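Participant:
Numbering (the numbering used here), first residue to last: 22 to 176.
The structure is reproduced here in structure tokens:
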């Protein structure tokens, strides 16, 4: 695991969606999930995953994947899309985090491939809004109005 050095790195949120997913094995039922891996020391480590979408070849995943972006080193990423709950078919794409961060609108569209065949596309975007989300917590009423008091905190 990499150390977090706030001077040379920051936490990013990766938002993911896929388009035109199709299995070359002819599987019509697609329940995709995306797993995100980062290469370190010549091996891939799972750093996060999305929720599983149901019955769709064009999922927009709600859950983002946080990642520590270090400005001073290469950070190869691999995105593996499992097409069903059993993981019986997996397509993948790779990109370096610095390439994504430097791309137009911090968004990249990559071909997903398996066994040399294209299986759809994955859209990877650095989600700036996720970094600025605020949480609103309602506390029990503490004054004579009987209304809950709101507390706003940075997420």
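Positions of the beta carbon are idealized from the N, C-alpha and C atoms, including for glycine. A quick note: this is a predicted structure, and the numbers were derived from the prediction, not measured.
(1) Return the chain-ordered ranges of every beta strand (DSSP E) run that is complete within the stretch 27–110 and spans a minimum of 3 residues.
(2) Please determine if the stretch 52–61 and the stretch 99–118 are in contact, where contact requires at least 3 C-beta pairs separated by less than 8 Å.
(3) To the nearest angstrom, how far is the alpha carbon of residue 59 from that of residue 68?
(4) With distances taken from CA atoms, which of 120, 115 and 72 is nearest residue 92?
(5) Under 8 Å Cβ to Cβ from residue 79, same chain only, skipping five residues before and after it: list those, please.
(6) Tell me which same chain residues have a C-beta within less than 8 Å of the C-beta of residue 65, skipping the five on either side of it?
(7) Note the first and the last residue of the continuous alpha helix (DSSP H) segment covering residue 123.
(8) Check residue 24 in the structure and name its three-state DSSP category.
(9) Can you check DSSP and say which residues form a bridge with residue 139?
(10) So residue 128 and residue 144 are supposed to be a Cβ contact under 8 Å. How far apart are they, rounded?
(11) Quick check: what's the CA-CA separation for residue 61 versus residue 32?
(12) Starting from the C-beta of residue 10, find all residues in its chain whose C-beta is less than 6 Å away, skip the five residues before and the five after it, and write them out in chain order.
(13) Under 8 Å Cβ to Cβ from residue 113, same chain only, skipping five residues before and after it: list those, please.
Facilitator: Quick answer:
(1) 30–40, 54–61, 64–70, 86–91 and 97–103
(2) Short answer: they touch.
(3) 7 Å
(4) 120
(5) 38, 39, 40, 41 and 42
(6) For residue 65, where only same-chain residues beyond five positions count, the Cβ hits under 8 Å are 58, 59 and 99.
(7) For residue 123, the enclosing alpha helix (DSSP H) covers residues 118–123.
(8) Because the pLDDT at residue 24 is just 47, under 50, the model does not fix this residue reliably, and the value given afterwards should be weighed accordingly. Coil at residue 24, not helix or strand.
(9) 134
(10) Indeed they touch by this definition, with Cβ atoms about 7 Å apart.
(11) Residue 61 and residue 32 have their C-alpha atoms spaced approximately 17 Å apart.
(12) Look at the range of the chain in this structure, 22 to 176, and you will see that residue 10 is not part of it.
(13) 99, 100, 101, 102, 133, 134 and 135
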